[in-house]
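These notes concern the structure reproduced below.
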Amino acid sequence: MGRLLIVAAVAAVFLLDLAVGRIWLSLDDMWQVARHGPGAEHWILVYELRLPRIATAVGAGAAFGLAGGICQSLFRNPLAAPEMLGVTAGASLGAVGLVLAGFQGAVVGLGAGCGAILAVVLLLILAGGAPAVTRLILTGVGISLTASALTGLLLSRADDALAGDAMLWLTGSLNGRHWPQARLIWGALLPLLLLSVAGARWLDRLELGDDLAQSLGVPVRMARMVLILLAAALIAAAVSVTGPVGFVGLMAGPIARSLSRHSGPDLIGAALVGALIMVLADLMVTLTAFRVLLPVGIFTGLLGAPWLIWLLWRDTSERRVM
Amino acid sequence: MISGLTIGAALASLAVGARDLPWGDVLVALFRFDPSRAADVIIWEMRVTRTITGLAVGAALAAAGLVMQQISRNPLADPGILGINGGAALGVVLSIWFLGWRDPLSQSGVAVAGAGLAALFVYLLGRGGRAADSAAILRLTLAGIAVSALCLAVVSAVVLIDQGTRNLYRFWTIGSLAEDSQGRLWWLLPLIAAGLAIAALMSRKMDALALGADSARSFGISVPVTVGAALLSVALLAGGAVALAGPIGFVGLIVPHVTRRLVGPSILPGLLVAVPMGGAVLLLCDVVGRILARPAEIQTGIILALIGGPVFLALMAKVVR
Amino acid sequence: MSLNIDSISIAYGTHLVIKGLSLTIPKGAVTAIIGPNGCGKSTLLRGIAGLLPLQRGRIVLDENPVAQMRPSALARRLALLPQAPLAPEGIRVQELVTRGRTPWLRPFRPPAAADRDAVERAMHAAGVAEMRHRRVSDLSGGQRQRVWIAMAFAQETEWLLLDEPTTWLDLPHQLEVLHLIRRQSSEASRSMVMTLHDISLAARFADHVIALRDGDLVAQGPAHQVITPEVLKRSFGLKAQVIPDPLHGTPLVLPR
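Chains as they are written, first to last, in this note's numbering: chain A, 17 to 338; chain S, 351 to 671; chain R, 55 to 310.
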């Protein structure tokens, strides 16, 4: 029921996002495009411009949401999203490094992956094996701060044109994303999604605590390592395509969990909600494009920062998060 | 010793730059100005202002950090991390965009107002719970991150819509002393001085508040008045610093830890050390930035962030288990 | 001369904790407030110290209504040591005890000779003078509590309210702290009011005992009049026998 609702919402926002823009399309226009293919009137607009951007949005949003769901479940806390753990900042440091060195495309994704994994390794070393949530998140914040400083250093040494692009990219943007980027993110997302679904059975039991999970036959250490590397890979793939779009993972996991009827983590749900948030944010980009296309990260920030504030405010009355 | 450090940093800041000047020339220029010598003109036209700006900004940020760490009992508090610099930046950007205010006076005013609002909001949001445990530290830090992110989202939106300011913003946002601030400096020095004065005058009440709200009240001290004064002082200090040099982080994180080591946790002796030391730290980072990337320079904010990130991690590892 | 509490009510939010309570606390004595958890012991202390507003009623300190006194004036006559005070990171013993002088310090001047003397007296009375230069965070729990009590002594008020001064301490340190409070009361002729968990310790160290239940008075008076099987039943819902302590003659509680 909850799952169906999210799928319907994603589909509706997807179509809306496809229709909205400088030229507004009706459902009939889109049907024409689907039926007649390249001969249709709006073919270029839909197929070459809007569809790849939205497909990228769905793929990246799903990756951010999925990674968020994995981390939140693994560390048993709704605050433990990748951007809070420094993984996102690490990935963007790696990506910016390669972009400024002149690379493009999938290689940038490798750089992002190295950055993300480095951040994860640093996190586990500094915070300890099974850290309390305060230490985990504050370590993540410290890693984020350090990685952002290094990114800033790289940017300040770059020439202006390249640095300008990188600045825009650092806000997290879907503008100018075409089929190559869409293929990249989907190519990475699908196998990682399958692996995550397989890993979700571990997650279910890990949520009961390490000791109980061990006695239920989960290889605890390996399971944690595999799951966190999966999350890092997801973040790296998404970041290399859209830049570090913040807060999607933070919001997606808890929303999916509250919509799901099961008690455990809902990874598919988290991926769907992540996609929904991303496409909604992209819709806002389109709707506010009076003069310039704003990067999508601004809108996830405008949605996500109040979400974090709400989490903290709720915590005052109920003492739940910490 | 601290004042020696500060004077040394100031001299280094005068001497080092795209063109190195011998130390002797610096002293000569300072005390016997001769407009026909190129070195003297460089020093007086560019580097003196820059040095004063650095001293003022560093002092203000260190003092703001000290007040924040004592009031919130949070050793990780810093105007940058807790979103106060972000609030000031938002105030400046919004007032330029909506109201077209570009004169130094109103810009300083909105920077202080933005810093004050952000400080109040973060304080209220981070206040939950009364213990000084690590959960309270996490809470305040997250409140700061949320406010930072919100301010940053709006600031980037405005800057992108108003394309002309983007390149300016790029340097301003990471904090630099190099931007022309001569016009603003004279407006902002009194604001920073006022912030320091409030902190000094209220230091005893803030010290009492650091023992917890109940202890403060049983000393006959009004908690809202003291918190209000502390927030106002932080707003003036951080807002003034941001309006001068952009949002520079971490001075307020690092310096108070050193002062606590040297003179203990009371605010007044802390301020006496933090003010010169903050100025020295900022100038030294500025000088390092000028040396490392000659003939260009690395913004001071980046140097500080490179030091500050690991320092944050080290302090956190000490405080939070 | 005493502390008169005249039909006061105190609420946290909408929840009424103290309901029309009236009692008299004698001057120059040690008073213990006992009662089960949540009966409003701490709330009463906080209300007396002016930390919580009164919904109704009034508190009169030596014929002056507390509500009409300026906070700074009240702080020179009455001090409260909260249950969990917070020590700033890195603070040393003497510096912390000196903060107890806050209500007496003249603005913008360093502590005067009288202040320094008061700090000395307080540190000696509490037996923390030898550790004056140590960091509070490095002390043991019992030492730390004595430092906090020294800070409250340094405030040199006629009235001193102590909220659970013995929590978290083991029995020897509890006794140490209570002896300290007792001695200070007789030597400096101060009035001490404290909340206590342990009924037998209250009976032994207090001149005057107040038993509460649900924010209401059950009994007040000298220990041997208040600590009786009947009062314990009504206040704590505890079935107990009370016998004279063979060493001190004070009431000793034997739970059934």
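Ideal Cβ positions, reconstructed from N, Cα and C, are used throughout, including at glycine.
key: Residue ranges of each beta strand (DSSP E) within the region 72-111 of chain R, 3 or longer   = 84-88
query = Who are the Cβ neighbours of A/R335 in its own chain at under 8 Å, not counting the five residues just before and after it?
reply = Reliability fails at A/R335, whose pLDDT of 48 lies under 50, so the model's placement of it is uncertain and the value that follows must be treated cautiously. So the list is empty, once near-sequence residues are dropped.
query = Who are the Cβ neighbours of S/G590 in its own chain at under 6 Å, not counting the five residues just before and after it?
reply = A410, L538, L541 and I542
query = Considering only the beta carbon of each residue, do S/S658 and S/F600 sit closer than 8 Å?
reply = For the record, residue 658 of chain S in the displayed sequence is Gly; it is not Ser. S/F600 sits close to S/G658, with the two beta carbons spaced by under 8 Å.
request  = Have a look at the DSSP bridge pairing and note the partners of S/L663.
outcome  = In DSSP, S/L663 forms no bridge with anything.
ask   = Apart from the five residues just before and just after R/V182, which ones in its own chain have a Cβ nearer than 8 Å to its Cβ?
value = V147, V151, Q197, R200, V201 and A204
query = With respect to the beta strand (DSSP E) encompassing R/M246, which residues constitute its N-terminal and C-terminal limits?
reply = S245 to T249 is the span of the beta strand (DSSP E), which, as asked, contains R/M246.
task = Assign R/S239 to one of two classes, buried (16 or more other C-beta atoms within 10 Å of its C-beta) or exposed (fewer than that).
result = buried
inquiry  = Is the beta carbon of A/L43 closer than 8 Å to that of A/G113?
reply    = Taking 8 Å as the Cβ cut-off, A/G113 and A/L43 do not qualify as a contacting pair.
ask   = In the structure shown, what three-state DSSP assignment does A/L309 receive?
value = coil
ask   = Which residues share a DSSP beta bridge with R/V307?
value = Note: R/V307 sits in a beta bridge opposite R/V296.
inquiry  = For R/L215, list the residues DSSP reports as bridge partners.
reply    = R/L134 and R/V247
message = Could you tell me the alpha carbon to alpha carbon distance between A/E64 and S/G651, rounded to whole angstroms?
response = 42 Å
message = Between S/A482 and chain A, is any beta-carbon pair separated by less than 8 Å?
response = Any reading at S/A482 must be qualified, since the residue scores a pLDDT of 49, below 50, and its modelled position is unreliable; the value itself is stated next. Chain A contact via Cβ: absent.
Buried or exposed (CB count within 10 angstroms, at least 16 for buried), R/W213 = buried
Straight-line gap, R/K293 to R/E284 (C-alpha atoms, nearest Å) = 9 Å
query = Which two residues bound the contiguous alpha helix (DSSP H) that contains R/A168?
reply = Its alpha helix (DSSP H) spans residues A167 to A179.
Contact residues within the region 414-425 of chain S, judged by C-beta distance below 9 Å to chain R = Q419, Q420, R423 and P425
request  = Please work out which residues of its chain come closer than 6 Å, Cβ to Cβ, to S/V669, disregarding the five sequence neighbours upstream and downstream, and give them in chain order.
outcome  = P425
message = Quick check: the Cα distance between S/A664 and S/S583, rounded to an integer number of angstroms?
response = Taking the CA atoms as reference points, S/A664 sits about 28 Å from S/S583.
ask   = From A/P322 to A/V23, what distance separates their C-alpha atoms?
value = 25 Å
query = Since A/L228 is in the alpha helix (DSSP H), which residue starts that stretch and which ends it?
reply = D226 to S231
ask   = Does DSSP classify A/G290 as helix, strand or coil?
value = helix
Boundaries (first-last residue) of the beta strand (DSSP E) holding R/D270 = D270 to P276
query = Looking at A/L324 and S/L377, is the spacing between their C-beta atoms short of 8 Å?
reply = no
query = When burial is assigned at 16 or more other CB atoms within 10 Å of the CB, is A/M238 buried or exposed?
reply = exposed
inquiry  = In the DSSP assignment, the alpha helix (DSSP H) including R/R163 goes from what residue to what residue?
reply    = Unbroken run through R/R163: none, as it is neither H nor E.
CB contact check: A/A174 to chain S, cutoff 8 Å = no
task = Using a Cβ-Cβ cut-off of 8 Å, state whether S/F662 counts as contacting chain A.
result = yes
ask   = If you count every other CB in all the chains shown that lies within 10 Å of the CB of R/H262, and 16 or more means buried, which is it?
value = buried
query = Buried or exposed: A/M338, going by 16 or more other Cβ atoms within 10 Å of its Cβ?
reply = Here A/M338 scores only 43 on pLDDT, less than 50, and its place in the model should not be relied on; the value that follows carries that caveat. Counting the other Cβ atoms within 10 Å of the Cβ of A/M338 gives 16 or more, which makes it buried.
Residue from R/D268, R/R267 and R/A260 whose Cα sits closest to the Cα of R/Q279 = Just measuring C-alpha positions, the residue of R/D268, R/R267 and R/A260 sitting nearest R/Q279 is R/A260.
query = Going by DSSP, which residues form a beta bridge with R/S63?
reply = R/R110
inquiry  = Less than 8 Å between CB atoms is the rule here; does R/L98 satisfy it with respect to chain S?
reply    = no
task = Check whether the Cβ of S/R644 lies closer than 8 Å to any Cβ atom in chain A.
result = Interface flag for S/R644 against chain A is unset, since no Cβ pair is found closer than 8 Å.
Bounding residues of the alpha helix (DSSP H) (the contiguous stretch that carries R/L17) = No information on residue 17 of chain R is available, as it lies outside the stretch 55 to 310 that chain R covers here.
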